[in-house]
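Here's the structure, in structure tokens; my notes come after.
2 protein chains.
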Amino acid sequence: MNKIITIGRQFGSGGRELGRLLAEELGIPYYDQEIVREIADRTLMPESYVQQIIEQRKIVAFPLHIAKSFQLATDLQIATNPKIEESSAIFNQQSKIIREIAEKSDCVIVGRCADYILKERNPYRIFVYADMEKKMKRCREYAPENENFGDKELEKHIMEIDKRRASYYNFHTGQKWGDPINYDLCINTTNLSIKEIVPILAKLF
Amino acid sequence: MNKIITIGRQFGSGGRELGRLLAEELGIPYYDQEIVREIADRTLMPESYVQQIIEQRKIVAFPLHIAKSFQLATDLQIATNPKIEESSAIFNQQSKIIREIAEKSDCVIVGRCADYILKERNPYRIFVYADMEKKMKRCREYAPENENFGDKELEKHIMEIDKRRASYYNFHTGQKWGDPINYDLCINTTNLSIKEIVPILAKLF
Chain F
1 MNKIITIGRQ FGSGGRELGR LLAEELGIPY YDQEIVREIA DRTLMPESYV
51 QQIIEQRKIV AFPLHIAKSF QLATDLQIAT NPKIEESSAI FNQQSKIIRE
101 IAEKSDCVIV GRCADYILKE RNPYRIFVYA DMEKKMKRCR EYAPENENFG
151 DKELEKHIME IDKRRASYYN FHTGQKWGDP INYDLCINTT NLSIKEIVPI
201 LAKLF
Chain A
1 MNKIITIGRQ FGSGGRELGR LLAEELGIPY YDQEIVREIA DRTLMPESYV
51 QQIIEQRKIV AFPLHIAKSF QLATDLQIAT NPKIEESSAI FNQQSKIIRE
101 IAEKSDCVIV GRCADYILKE RNPYRIFVYA DMEKKMKRCR EYAPENENFG
151 DKELEKHIME IDKRRASYYN FHTGQKWGDP INYDLCINTT NLSIKEIVPI
201 LAKLF
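Chains as they are written, first to last, in the working numbering: chain F, 1 to 205; chain A, 1 to 205.
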């Protein structure tokens with residue numbers, strides 16, 4: 001069975017960079033935005049719209065995986081809330097694509113609940129996080145030149161993105177995003193150089 | 001400044017073994033029960049009694065580090081609760097010993113809030129955990145022959161020990177035991193061989 005590495009990450013923690021470098025070091029494919037692009041292709045929705053659905057979903061009353069026991073309530077809810085239906089359709093498409101990717105070869109997949117979607121393949125599940133100060137510093141380094149958030153604004157921005165990621169993950173998996181028990185390794189990037197840790201991490205595989 | 005590695009661990013997760021092997025691999029001293037023995041020597045209390053005070057402390061209303069702002073309430077509480085005073089005296093002694101240890105040489109220290117006590121020395125803080133099934137399996141492997149816990153009883157036993165560890169840590173540090181943000185690396189030992197991961201981990205230092 002192919003060796004799959006999944007990476008969950010807080011915004012600004014460097015998880016994407018860690019995933020990309022780890023895939024490079026291991027000489028295996030790396031998937032991130034490619035998945036959104038593939039969903040857009042298959043659903044004929046614009047990529048930006050798919051991204052928006054994935055990232056901006058609101059918390060709803062019944063997570064779909066629990067709601068199976070509450071079929072009537074869910075049916076009613078879906079019938080009255082097309083956004084849920086759309087988000088659910090996109091999640092199903094995403095799951096299908098992620099399973100196809102895992103079927104093809106060893107790989108690194110960033111985000112998108114891949115740890116949960118592929119759980120029967122026992123992926124190696126990494127979660128990357130850092131303290132707020134370091135995440136803010138990293139965001140400023142990578143921000144476009146015309147982006148000028150104040151400190152408070154940037155902190156709020158980071159917290160909002162992570163809140164959405166958590167809500168998306170918790171909703172679709174019934175697990176808690178960032179809870180160590182759902183990962184094999186949790187790496188705090190506050191005090192480390194991602195470039196230096198990647199060759200060591202790679203030896204795990 | 002000496003390189004200090006601290007290890008927090010769930011009961012049955014293999015954290016102690018990981019710490020011991022890591023110290024061996026790095027050729028540096030390893031401290032665990034030695035600290036309790038040293039407290040016992042210095043306070044002239046029996047080692048088993050010191051252990052009991054450390055492990056069996058109950059949650060109290062005001063953590064001491066917060067209670068500084070509530071001096072009167074704390075004074076009253078300590079005056080009426082000699083156990084708190086004793087536990088606090090032992091924690092102070094323990095902190096002193098841990099600082100002396102860190103002063104001497106590079107080392108690995110297991111448990112005892114060492115990550116918090118030595119925070120100004122920027123220790124590398126590892127937390128080791130596993131799922132309940134694996135922790136139960138490990139406990140059975142290492143249990144004395146005459147110990148015959150049923151499954152439910154063993155699970156309860158493990159949960160109680162971790163509850164005490166959490167309460168001791170949270171009380172003395174004002175941080176949350178096992179919360180990733182308080183550690184540099186959290187390692188799930190459910191699916192891995194501790195002997196195999198140690199040489200890789202050692203490369204971090």
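Yeah, the Cβ is synthetic: ideal placement off N, Cα and C, and Gly gets one too. Model, not experiment: these values are computed from the prediction.
Using a Cβ-Cβ cut-off of 8 angstroms, Asn191(F) is close to Asn122 and Asp184 of chain A, given in chain order. With a cut-off of 8 angstroms on Cβ pairs, the segment 82-101 of chain A is not in contact with the segment 180-194 of chain F, counting fewer than three such pairs.
Note that the C-beta distance between Gly12(A) and Lys135(A) is below 7 angstroms. By the Cβ-count criterion, Asp41(F) is exposed, with fewer than 16 other Cβ atoms from all chains shown falling within 10 Å of its own Cβ. The alpha carbon of Tyr31(F) has as its nearest neighbour, out of Glu25(F), Ile109(F), Ile54(F) and Ile90(F), the alpha carbon of Ile109(F). Between the segment 182-192 of chain F and the segment 148-162 of chain A there are fewer than three inter-stretch CB-CB distances shorter than 8 angstroms, so the stretches are not counted as touching. Per DSSP, the beta bridge partners of Leu185(A) are Ile187(F) and Ile126(A). In its chain, beyond the 5 residues on either side, Thr6, Asp115, Tyr183 and Asp184 have a beta carbon closer than 6 angstroms to the beta carbon of Arg125(F). The secondary-structure analysis by DSSP pairs Cys139(F) with nothing; it has no beta-bridge partner. Buried is the label assigned to Leu154(A), since at least 16 other Cβ atoms lie within 10 Å of its Cβ.
Think of a sphere of 7 angstroms around the beta carbon of Lys176(F): no beta carbon from chain A falls inside it, the nearest being about 12 angstroms out. Taking 7 angstroms as the CB threshold, Tyr129(F) lines the interface with chain A. Per DSSP, the continuous beta strand (DSSP E) segment holding Gly8(A) begins and ends at Ile4 to Arg9. For Ile53(F), the three-state secondary structure derived from DSSP is helix. Each residue's CA atom was taken as its position, placing Glu38(A) and Glu147(A) some 29 angstroms apart. In the structure shown, Ile109(F) falls within a strand segment according to DSSP collapsed to helix, strand and coil.
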